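Residue numbers (our numbering), protein chains in the order written: chain A, 20 to 134; chain B, 12 to 120.
Written as structure tokens, this is what we have:
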């Protein structure tokens with residue numbers, strides 16, 4: 020199993036550009052989520068999904084869109100990049116154990132710089 | 012929503028000493044409390060977790076304790092080694108996880 024994979028590993032954008040961060044998992048996990056990590060801020064939840072066709076907002080959703088058309092994939096879209104979105108982005112997945120939280124597995128991360 | 016406070020933000024110990032990191036949470040519905048270790052440039056890796064129906068859990072040199080009444084939980088690392096140097100995050104939640112801001116642990120030989 021590859022686990023949770025993310026592409027690209029690094030990306031530099033100019034202000035106003037759009038892009039999609041890719042995330043895929045091969046563990047058949049229903050729950051997938053996106054976090055951003057900034058120095059001294061820990062990991063903050065952007066969006067999450069409990070299954071195909073179902074998404075919800077986390078703590079810091081503004082400026083980001085998500086969709087979940089398959090169990091395996093959960094892409095994160097930046098509609099119009101801003102310097103404040105410079106961060107490291109982590110995708111994570113876990114099984115949906117009766118709705119309660121369970122062991123969560125992280126992808127390797129995408130380091131995004133917006134100029 | 013849930014609020015998680017983590018202390019200290021940095022912790023320096025000598026090899027062989029013990030290290031303790033503490034977290035408090037606000038949502039009494041939270042029932043899952045994992046701890047993650049993150050090395051520089053790497054992804055967070057789960058090192059130990061505890062559920063609300065358990066007061067303490069141990070795995071070799073690592074232990075976690077939970078006090079649901081006081082809404083706090085702690086990570087204990089005994090006999091620290093230089094390879095324990097990393098950033099440690101606590102988290103708390105029921106269906107989604109809220110993370111603390113992290114503790115940088117430095118173990119000096």
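Even for Gly, the Cβ is constructed at its ideal location relative to N, Cα and C.
Note that the coordinates shown come from a computational prediction; the quantities given were computed from them, not determined experimentally.
Report the CB separation of residue i from residue j in whole angstroms; it is logged as a contact under 8 Å.
i, j, result
"residue 23 of chain A", "residue 42 of chain A", "7 Å"
"residue 99 of chain B", "residue 114 of chain B", "5 Å"
"residue 16 of chain B", "residue 35 of chain B", "5 Å"
Please identify the residue among the options whose C-alpha is closest to the C-alpha of residue i.
i, options, result
"residue 114 of chain A", "A:132, A:48, A:59", "A:48"
"residue 33 of chain B", "B:84, B:14, B:58", "B:84"
"residue 91 of chain B", "B:47, B:60, B:73, B:21", "B:73"
"residue 67 of chain A", "A:86, A:26, A:21", "A:86"
"residue 93 of chain A", "A:36, A:20, A:25", "A:25"
"residue 90 of chain A", "A:58, A:35, A:51", "A:51"
"residue 124 of chain A", "B:104, B:79, B:47", "B:47"
Kindly indicate which three-state DSSP category residue i falls into: helix, strand or coil?
i, result
"residue 92 of chain A", "strand"
"residue 57 of chain A", "strand"
"residue 13 of chain B", "coil"
"residue 56 of chain B", "strand"
"residue 96 of chain B", "coil"
"residue 104 of chain A", "helix"
"residue 89 of chain B", "coil"
Can you give me the Cβ contacts of residue i inside the same chain, cut-off strictly under 7 Å, excluding the 5 residues immediately before and after it?
i, result
"residue 82 of chain A", "97, 98, 101, 104"
"residue 76 of chain A", "66"
Using a Cβ-Cβ cutoff of less than 6 Å, which residues in the same chain neighbour residue i once the five nearest sequence positions on both sides are dropped?
i, result
"residue 60 of chain B", "45"
**Message:** Using 8 Å as the cut-off, can you tell me whether the region 21-36 of chain B makes contact with the region 105-119 of chain B, which would need three or more C-beta pairs spanning the two stretches below that distance?
**Reply:** Verdict: yes, contact present.
**Message:** Any contact between the region 123-132 of chain A and the region 64-80 of chain B? By contact I mean 3 or more CB pairs, one from each, below 8 Å.
**Reply:** no
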